[in-house]
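Residue numbers (the numbering used here): 7 to 325.
All C-beta atoms, glycine included, are put in the ideal place defined by N, C-alpha and C.
Working notes for the structure below.
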């Protein structure tokens, strides 16, 4: 019963061992004579970025190992009789061959060491005064009275979520630990599970952001999901339903096209046009095909304009 869990642990154990055998250190870089505060600050920030990347990878594999271990423990609690006896034998042999519990402990110590290095680096960042800001105002900053965005795991909506959260929270001059608290309040489902085990600290905020981007902002997955959205476009009926159905289709198309454009991708493709055409009744297709015969530079944008014009004309004809 636990074979699939042992397989997962074995794979994660191998990956974790490789990382632990190649531990990285991020000491405070020496300051060369003549460097300005800004130049030295940039060097430290670059080192912090490298540290964050390593910290995210270690935190993720540590979380995955812990999760599979919990699943195996829960499975063992419901085993009875011969199943439990057999699994006990397999468990005892497995932990000798794959001492993953020790590896999990080593990962936690490595994370603790990286948190120490982060504090050392952050304390070395020179304080650069900005003459245009009033230091007395920093303690008076409050979040604007707007509703924070929510995110439950739909990769298509991640960019929109992040842009809204960035404007409302991320860009404010407040401690990262507070930003992390607000971030958790905006999440639910898999995204919240992904970062929920992180402690409420300044360094957890940057780790959480990297984990969310890595798991929910995958360009390939986003492109696949957007393409699937085309296949789910509503069909436009004729008769009394035509205007409302076409309006609904146009609204959904607009939303998808904006999301594609935000990611610097193009929807001016034949497949896009074919998916839209499959949602249309025959009398609308007749008008579109006539326009395509006349216009040899037909495009997705022109198809969209044509549908808007048809909707406008039909609305005027309604009693």
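{"Query": "What's the gap between the Cα of residue 91 and the Cα of residue 23?", "Result": "30 Å"}
{"Query": "Confirm, please, whether the CB-CB distance from residue 58 to residue 260 is below 8 Å.", "Result": "no"}
{"Query": "Taking 8 Å as the threshold (C-beta atoms), are residue 81 and residue 18 in contact?", "Result": "no"}
{"Query": "Per DSSP, what kind of secondary structure is residue 157 in: helix, strand or coil?", "Result": "strand"}
{"Query": "For the alpha helix (DSSP H) containing residue 163, name the first residue and the last one.", "Result": "Per DSSP, residue 163 belongs to no alpha helix (DSSP H) and is neither H nor E."}
{"Query": "DSSP three-state call for residue 178: helix, strand or coil?", "Result": "coil"}
{"Query": "Between 42, 254, 186, 247, which has its C-alpha nearest residue 204's C-alpha?", "Result": "186"}
{"Query": "At the level of alpha carbons, what is the spacing between residue 312 and residue 176?", "Result": "41 Å"}
{"Query": "Output the distance between the C-alpha atoms of residue 124 and residue 54, rounded to the nearest integer angstrom.", "Result": "7 Å"}
{"Query": "Any chance the region 230 to 241 sits against the region 272 to 285, with 3 or more Cβ pairs inside 8 Å?", "Result": "yes"}
{"Query": "Determine, using beta carbons only, whether residue 164 and residue 222 come nearer to each other than 8 Å.", "Result": "yes"}
{"Query": "For residue 213, which residues from the same chain have a beta carbon less than 7 Å from its beta carbon, with the 5 sequence-adjacent residues on both sides left out?", "Result": "58, 61, 62, 65, 204"}
{"Query": "What number of angstroms, rounded off, separates the C-alpha of residue 15 from the C-alpha of residue 117?", "Result": "20 Å"}
{"Query": "From the DSSP output, in three-state form, read off residue 232 for me.", "Result": "helix"}
{"Query": "Could I get the ranges of all uninterrupted alpha helix (DSSP H) runs contained in the region 197 to 224, with 4 residues as the minimum, in chain order?", "Result": "208 to 222"}
{"Query": "Under a Cβ-count criterion, where at least 16 other Cβ atoms within 10 Å of its own Cβ denotes burial, should residue 295 be classed as buried or exposed?", "Result": "exposed"}
{"Query": "Roughly how many whole angstroms lie between the Cα atoms of residue 316 and residue 220?", "Result": "42 Å"}
{"Query": "At 4 residues or longer, what runs of the alpha helix (DSSP H) sit wholly inside the region 255 to 304?", "Result": "276 to 283, 288 to 300"}
{"Query": "Distance check for residue 121 and residue 37, CA to CA, integer angstroms please.", "Result": "22 Å"}
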